[in-house]
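**Q** Under numbering that gives the first Met the number 0, think of the first position of the sequence shown as 0, with each following residue one higher. Backbone N, C-alpha and C fix where the C-beta goes; we use that ideal spot for every residue, glycine too. One structure, pasted below without further comment.
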Amino acid sequence: MTDTPFASGGCLCGAVSWRAANPPARMAQCHCRDCQRASGTGHMSLAFFKEEDVAIEGEVTGYDATADSGNINTRYFCPRCGSRLFTRNSGRPGVVGVAVGSSADSGWFAPGAVVYEQSRPAWDITTTDIPHFETMPPPPR
Ligand SMILES: [Zn+2]
Ligand SMILES: [Zn+2]
Numbered sequence: 000m001t002d003t004p005f006a007s008g009g010c011l012c013g014a015v016s017w018r019a020a021n022p023p024a025r026m027a028q029c030h031c032r033d034c035q036r037a038s039g040t041g042h043m044s045l046a047f048f049k050e051e052d053v054a055i056e057g058e059v060t061g062y063d064a065t066a067d068s069g070n071i072n073t074r075y076f077c078p079r080c081g082s083r084l085f086t087r088n089s090g091r092p093g094v095v096g097v098a099v100g101s102s103a104d105s106g107w108f109a110p111g112a113v114v115y116e117q118s119r120p121a122w123d124i125t126t127t128d129i130p131h132f133e134t135m136p137p138p139p140r
């Protein structure tokens, strides 16, 4: 990837950086309780890229949690500064979720859905003019 990437970013301390060669396949705002606890706020803004489109430099630490689906969701952080960076799900091999807030410039983020609306706190308002789902909608085919 020597060309200008579609997007790039990294953690707070600079130990971990990433570059995405192409636009994400899906983007969403997630209000699930797991995202709330892992992020420390009302939702996570996530962009799901093809694994082969994302180059990651630096060491990350991953922590596993079982999702509602029964799949294992692994959340990756910078072990030096604690920044939340990536997500991988055992039910979706070949896909890496990027925490959009780690982007150098996140102006490209255009979520297609708000998921886990059922646990959205009243004080955390995300995008309102896109489909909202009480939990997780069925995966696209
Ligand atoms: Zn860091
Ligand atoms: Zn979530």
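Buried or exposed, going by whether 16 or more other CB atoms sit within 10 Å of the CB of Trp-17?
**A** buried
**Q** Measure the alpha-carbon distance for Gly-8 versus Ser-44 and round it to whole angstroms.
**A** 14 Å
**Q** Using C-beta distances below 7 Å, list every residue in its chain close to Ala-20, excluding the 5 sequence neighbours before and after it, in chain order.
**A** Met-0, Pro-4, Phe-5, Asp-52
**Q** What are the partner residues of Ala-20, as DSSP defines its beta bridges?
**A** Answer is none; Ala-20 lacks a bridge partner.
**Q** CB Gly-41 to CB Asp-123, shorter than 8 Å?
**A** The answer is yes: Cβ separation under 8 Å.
**Q** Which one of Asn-70, Ser-101, Asp-33 has the shortest CA to CA distance from Ile-55?
**A** Ser-101
**Q** If I measure Cβ to Cβ from Ala-24 and keep anything under 6 Å in the same chain, skipping five residues before and after, which residues do I get?
**A** Cβ within range, chain order: Phe-47.
**Q** Examine ligand 2 and report whether any of its heavy atoms sits within less than 7 Å of the Cβ of Tyr-115.
**A** yes
**Q** What did DSSP end up calling Asp-123 once you bin it into helix, strand or coil?
**A** coil
**Q** Compare the Cα-Cα distances from Val-15 to each of Pro-120, Met-135, Ala-103 and report the closest residue.
**A** Ala-103
**Q** Taking Ser-38 as part of the beta strand (DSSP E), name the residues at either end of that continuous run.
**A** Per DSSP, Ser-38 belongs to no beta strand (DSSP E); it is in the alpha helix (DSSP H), 32-38.
**Q** Spatial neighbours of Gly-61 within its chain, please: C-beta separation below 6 Å, excluding the five flanking residues on both sides.
**A** Thr-73, Tyr-75
**Q** State buried or exposed for Arg-119, treating a residue as buried only when at least 16 other CB atoms are found within 10 Å of its CB.
**A** By the 10 Å Cβ count, Arg-119 comes out buried.
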